[in-house]
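Here's the structure we're looking at; comments come further down.
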Amino acid sequence: MELHLCCLTSSWALPFVGILAVVGLLLWLKRREAEKYEKMTGIPVPEGVLPLLGHLPRILKMGVDDYENKWFELKKSKLILTWYGKTPTITVADPDLLKHIMVKDFPHFQDRPRRLYKMTQSPINKGVFFHYGSHWKRIRSILTPTFSTGKLKMMDHDINRCSVNLANKLEELAKAKENVEVKILYGGFTLDAISATAFGLDVDCINNPDGSFIKNIKGIFQKGMGNWRRICITLATIFPTLISVIRFFNMNFFNQENVDFFLRQCQAMIDDRKSETSQRHLDFLQLMVNAELDQELLEEQHISTGQKKLTNDEIMAQAFLFFIAGYETTASTLNYVSYCLAVHQEIQDKVVQEIHDQIGENEPTYDEMNKLQYMEQVILESLRMFPPLTRLSREIGETVTVKGYTFPQGCSLVIPVYGLHHNPEYWPEPERFDPDRFEKSKNVQNKFFYMPFGQGPRMCLGMRLAMLELKIALVHVLRRVKIVPCEETQIPLKPITYRGLITTEKPVKLRFELRK
Numbered sequence: 001m002e003l004h005l006c007c008l009t010s011s012w013a014l015p016f017v018g019i020l021a022v023v024g025l026l027l028w029l030k031r032r033e034a035e036k037y038e039k040m041t042g043i044p045v046p047e048g049v050l051p052l053l054g055h056l057p058r059i060l061k062m063g064v065d066d067y068e069n070k071w072f073e074l075k076k077s078k079l080i081l082t083w084y085g086k087t088p089t090i091t092v093a094d095p096d097l098l099k100h101i102m103v104k105d106f107p108h109f110q111d112r113p114r115r116l117y118k119m120t121q122s123p124i125n126k127g128v129f130f131h132y133g134s135h136w137k138r139i140r141s142i143l144t145p146t147f148s149t150g151k152l153k154m155m156d157h158d159i160n161r162c163s164v165n166l167a168n169k170l171e172e173l174a175k176a177k178e179n180v181e182v183k184i185l186y187g188g189f190t191l192d193a194i195s196a197t198a199f200g201l202d203v204d205c206i207n208n209p210d211g212s213f214i215k216n217i218k219g220i221f222q223k224g225m226g227n228w229r230r231i232c233i234t235l236a237t238i239f240p241t242l243i244s245v246i247r248f249f250n251m252n253f254f255n256q257e258n259v260d261f262f263l264r265q266c267q268a269m270i271d272d273r274k275s276e277t278s279q280r281h282l283d284f285l286q287l288m289v290n291a292e293l294d295q296e297l298l299e300e301q302h303i304s305t306g307q308k309k310l311t312n313d314e315i316m317a318q319a320f321l322f323f324i325a326g327y328e329t330t331a332s333t334l335n336y337v338s339y340c341l342a343v344h345q346e347i348q349d350k351v352v353q354e355i356h357d358q359i360g361e362n363e364p365t366y367d368e369m370n371k372l373q374y375m376e377q378v379i380l381e382s383l384r385m386f387p388p389l390t391r392l393s394r395e396i397g398e399t400v401t402v403k404g405y406t407f408p409q410g411c412s413l414v415i416p417v418y419g420l421h422h423n424p425e426y427w428p429e430p431e432r433f434d435p436d437r438f439e440k441s442k443n444v445q446n447k448f449f450y451m452p453f454g455q456g457p458r459m460c461l462g463m464r465l466a467m468l469e470l471k472i473a474l475v476h477v478l479r480r481v482k483i484v485p486c487e488e489t490q491i492p493l494k495p496i497t498y499r500g501l502i503t504t505e506k507p508v509k510l511r512f513e514l515r516k
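Using the UniProt record's numbering, read the sequence shown as starting at 1 and increasing by one per residue.
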């Protein structure tokens, strides 16, 4: 019996010891790889890196912002190198270094990670957000004139019309004394404004919140993808070798049903514009249909393509992105600006007084919006506290050394926007809402610790249009209603950063009162 037990124990012990030895070897090899990267790059690597998983288990446990802040402090550094699964990723929170990355040495950091392009279904991946290399540069060059001052001035009328509809709706809700989940309402306004200014459509989502446009765009952001698909796509971002499997099973980044709705709409609008003998519109869609760069500009920008126009697929991709980006970012910003004004009545009063003093009862125009400096400070401070994108990502195109640090080709690079916006080194009392920050330091928007719209050549194309929509909407709204907290308002808000976007623990709910 004793001999039998001894043999049994021995038979289990050897495989167990073997497994331990293999695990120990893998841990040692991974640590050696981390040490090699640290020596090669000069960038600190946090302890606890695991084979295959990298630092991911600890990042998921702590939350990415807390994890990065912990190691920035422990390593006495403003950049660290971590592994998200098998992908080495450099997080940079040094504004001086970011100036080089986003502007001075931009060609080395031009593209977003190509896995985003590979995981996004066609033709959406031909959008300027996802595309890369000379394709991105050509499309960006074609689209840039669309947002010139002259073009923005032509959009005043449509934005004002949509803003009046928004103010009318808020007056109704004020009379009914209802608590309002404001982002839903603002989402209707932004979709109306985008549809009018970019595509010449009148969809009236404010008064038809269950219409097909608002239903499908909500589907992209709220339903998105099923749990199984979400898990698979998350795994593919961690283990890029799985991307081909994800694509084989058509597990697209965006919900295909919602995408197909917008693609059908876009194609119908494109066909309609091409069939017109005279141009009745001069909006975003028409400018894309007409878009053509002259050969001199192509050569000047070293764009290695003879294709001077956007293809049909490229036009549809830009139109789709315009819908979803304009909807989410502007609606989200109005949501948080309204919250900040509701809980800081003295600031709201100051904005209302500025509107009265600077433009009175006139219809707001592009030129008049430049007079509303304090309102702009309020918007900028809200964007600091609640940036639409909490993280920006880049792919390192070729190995380059910047300010003594080596950035290896193929690594990912992350810019922690939310962390920079809440860093007390740059923003004293960062959790305090203080629009005067932007008065005291007028050039703070050009600093590389403030980037709600990004910085450099890849900065958001629609930034100026978004600011125009925000200001005109706020003028109409604040003239007619007062924004106040209600019993369902969470004070303070508890932000949650997830997959690069910001949300809150509870939806923002407010109440509106008629102004006397």
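Cβ atoms here follow ideal geometry from the backbone N, Cα and C, with glycine treated the same way.
From a predicted model like this one, the values you see are computed outputs, not experimental measurements.
query: Candidates I270, M316, L510, of which the one nearest K126 by Cα; result: M316
query: Which of helix, strand or coil DSSP assigns to L293; result: Because the pLDDT of L293 is 43, which lies under 50, any placement of that residue in the model is unreliable, and the number read from its coordinates should be weighed accordingly. In the structure shown, L293 sits in coil (DSSP, three-state: anything other than H, G, I, E or B).
query: Exposed unless 16 or more other CB atoms sit within 10 angstroms - verdict on G85; result: buried
query: Neighbourhood of V352 by C-beta, 7 angstroms cutoff - its chain only, sequence neighbours within 5 removed; result: L478
query: Range of the contiguous alpha helix (DSSP H) that encloses P88; result: P88 -> not in any alpha helix (DSSP H); beta strand (DSSP E) instead, spanning 87-92.
query: Span of the beta strand (DSSP E), counted from its first residue to its last, around I415; result: 412-415
query: Cβ contact check for the segment 358-365 and the segment 420-438: 3 or more pairs under 8 angstroms; result: no
query: Distance between I101 and L501 (C-alpha atoms, nearest Å); result: 22 angstroms
query: Exposed unless 16 or more other CB atoms sit within 10 angstroms - verdict on Q409; result: exposed
query: Test item: CB-CB of I194 and F322 under 8 angstroms; result: yes
query: Cα-Cα separation between V289 and Q373, rounded to whole angstroms; result: 36 angstroms
query: Of the residues D260, D210, Q286, V259, the one placed nearest I270, counting alpha carbons only; result: Q286
query: Same chain only: Cβ atoms within 7 angstroms of T149, ignoring 5 sequence neighbours per side; result: none
query: Residue of I415, L74, V484 minimising C-alpha distance to R112; result: I415
query: Bridge partner(s) assigned by DSSP for V180; result: L510
query: Inter-stretch contact at 8 angstroms, needing at least 3 Cβ pairs: the segment 76-83 / the segment 382-398; result: no
query: contact_flag[the segment 169-185, the segment 142-156] where n(CB pairs < 8 angstroms) is 3 or more; result: no
query: Backbone secondary structure at N446 - three-state DSSP; result: helix
query: Three-state secondary structure (DSSP) of F323; result: helix
query: Q455 classed as buried or exposed, judged by whether at least 16 other C-beta atoms fall within 10 angstroms; result: buried
query: Beta-carbon separation (whole angstroms), F106 vs P457, contact threshold 8 angstroms; result: 6 angstroms
query: Cβ-based neighbour list, K223, same chain, cut-off 7 angstroms, excluding 5 preceding and 5 following; result: Note on K223: pLDDT 46, under 50, position unreliable in the model; the coordinate value appears next. So the list reads N255, once near-sequence residues are dropped.
query: Cut-off 7 angstroms between Cβ atoms - residues of its own chain near L166, not counting five sequence neighbours on either side; result: F189, I206, A473, H476, V477
query: In chain order, each alpha helix (DSSP H) run of at least 4 residues that lies wholly inside the segment 92-141; result: 95-99, 114-119
query: Check whether F130 and L116 have beta carbons under 8 angstroms apart; result: yes
query: Rounded separation between K39 and T503 - CA only; result: 38 angstroms
query: Strand pairing of F407, partner residues [DSSP]; result: V400
query: As assigned by DSSP and simplified to three states, the class of W28; result: helix
query: Spatial distance of V259 from K509 (CA atoms); result: 29 angstroms
query: Beta-carbon proximity check, Y67 vs L191, cutoff 8 angstroms; result: no
query: Neighbourhood of A331 by C-beta distance below 6 angstroms, restricted to the same chain and skipping five residues each side; result: K183, Y186, G187, T190
query: Neighbour-count burial assignment, R32, 16 or more Cβ in a 10 Å radius; result: exposed
query: Contact check, H135 vs G397, beta carbons under 8 angstroms; result: no
query: Nearest to T212 (by Cα), restricted to the options Q377, K169, R264; result: Thr is not the amino acid found at residue 212; the sequence shown has Ser there. Comparing Cα positions, the closest option is R264.
query: Distance between I347 and L341 (C-alpha atoms, nearest Å); result: 6 angstroms
query: Beta strand (DSSP E) segment containing V259, residue limits; result: Counting along the chain, V259 falls outside any beta strand (DSSP E), though it belongs to the alpha helix (DSSP H) covering 256-275.
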